[in-house]
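In the numbering used here, the protein residues as written are 9 to 348.
Listed below in C-alpha cells is the structure:
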C-alpha cells in the first residue's frame, strides 16, 4: 500500500517535492470515522503519547501527595521549549520533592525556543537538563517513584516499576500488547513503543471521551486535560504549534506532536481521536496535514484554519519568499489510497 501524498512543497508554481503519510480518525468504541493510507503498520508514538505516559503520576496519587499544580501536571505532558517560565515551574516542582536537577536522566540539548530566535539574536547560555523538552515527563516519573518508595536509580529502564506502569497504561489505552509490538529507546532515554495509527487514534478517542473507562482513569484524564487547557503555553512554548492550536480553539482541540512526523489530536467536543504520521518524518508536513484533517472534520472553521496555517515559506538567502508548503486535497479522498 502506497500512502497518499498529504503535503507538497511548491517552488514558483511547480511541485518540487512531497510528503506521503497516513492517518486515522476513530471514536472511543473503535469505529473508524476517516482513514487515509496504512493505519495498521506499527509506528513509534514518541512524544505524541506523553498524555498517556503521565497517567500513572495522577493515578498513583503522587501528584496529590506532592501538591502538584496544574502547571506542573501540564509540564509532565510537555515537549516544552525550555523557556524561563518552563524552567521556573520545574525548579518549584523539584523543591516540592526535595531534589535537584541531577536526578534527571534525560540529558541536555539546546532549548527548542532557540529555533525561533532571529538571526541576529545569539544563544550562548549554559543548557541545563531542565531545558530538555522531556524534563517534565522525567520529573513526573521520578515523582511517582518517590511516592511509591521505589529507587530513583534506573527509573528510565523498561524493567523499572515506573516504566512498567507507563507501559501498562499504553497497552490499556491502545488495546495493544506491548510485548508483541516493536519497541526502542526515545531520545530522552526512556522506552518508546510502536503502535498502529488506528490504535493510537483509539487511545486519543478514549481520552476525548473517557466515559467507557474505569472511574480513576476518567478522573486522571480530566485532571490532565484541564491542566493543559488552562496552561497551553507549558505544553510546547510561545511559538509552539500545539500551544497555538489549543489556545486558539479554546481547548476544543488538544494536540501533541512527536519526533518522526507523528501528531495526535484529542477532540472532546466530537468525542474523536486523531493520529497522523508523515512517512519521511517531516514535522512541518505533519502540522499542515493535521490542520487539513481538523478542518475536514469541522473541528476548525476556515477562519481559524487560516490563522493557524503556518504556510512554511520557502525563501531565498535574502529572505524573499519563492515558495511554500501546502497540504494536498487528500482529505477529500475518503477511505482511499492514492497509487501514483
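Glycine included, each C-beta is placed from N, C-alpha and C at the ideal position. Here the structure is a predicted model, which means the values were calculated and not measured.
For this session: Output yes or no for whether 8 Å exceeds the beta carbon distance between residue 240 and residue 296.
Result: Cβ distance not < 8 Å, so residue 240 and residue 296 don't count as in contact.
For this session: Report all residues from its chain with a CB closer than 6 Å to the CB of residue 17; omit the five preceding and five following residues, and keep chain order.
Result: Cβ neighbours of residue 17 beyond the five flanking positions: 24, 25, 333.
Exercise. Relative to the alpha-carbon of residue 64, which residue among 169, 288, 90 has its alpha-carbon at the smallest distance?
Worked result: Ranking 169, 288, 90 by CA distance to the CA of residue 64 puts 169 first.
Exercise. How many whole angstroms separate the CB atoms of residue 243 and residue 254, which I take to be in contact at a CB cut-off of 8 Å?
Worked result: Between the beta-carbon of residue 243 and that of residue 254 there is about 7 Å, and that keeps the pair under the 8 Å contact cut.
Exercise. From this set, 338, 145, 10, 33, which residue's C-alpha is nearest residue 46's C-alpha?
Worked result: Closest by alpha carbon: 10.
For this session: Have a look at residue 250 and residue 77 and give me their C-alpha separation to the nearest angstrom.
Result: For residue 250 and residue 77, the distance between alpha carbons rounds to 21 Å.
Problem set entry | Residue(s) in a DSSP beta bridge with residue 285 | BP columns for residue 285 point to 30, 270.
Problem set entry | Rounded straight-line distance, which links the Cα of residue 32 to that of residue 206 | Distance between the alpha carbons of residue 206 and residue 32: 6 Å.
Problem set entry | Own chain partners of residue 191 with C-beta closer than 8 Å, once the 5 adjacent residues on each side are dropped | Excluding positions up to five away in sequence, the list reads 166, 199, 200, 201, 202.
For this session: Compute the Euclidean distance between the alpha carbons of residue 174 and residue 60, then round it to the nearest angstrom.
Result: In this structure, the straight-line span from the alpha carbon of residue 174 to that of residue 60 is close to 8 Å.
For this session: Buried or exposed for residue 106, please, with buried defined as at least 16 other CB atoms from any protein chain shown within 10 angstroms of its CB.
Result: Per the 10 Å Cβ criterion, exposed.
Exercise. To which residues does DSSP link residue 334 through a beta bridge?
Worked result: According to DSSP, residue 334 bridges with 16.
Problem set entry | Every unbroken alpha helix (DSSP H) within the segment 124 to 160, with a cutoff of 4 residues, ordered by chain | Uninterrupted alpha helix (DSSP H) stretches at least 4 residues long and entirely within the segment 124 to 160 occur at 143 to 155, given in chain order.
Exercise. So which of 172, 52, 161, 210 has the shortest CA-CA distance to residue 183?
Worked result: Ranking the options by Cα distance to residue 183, first place goes to 210.
Exercise. If you draw a straight line from the alpha carbon of residue 257 to that of residue 152, how long is it in whole angstroms?
Worked result: A straight line joining the alpha-carbon of residue 257 with that of residue 152 spans about 32 Å.
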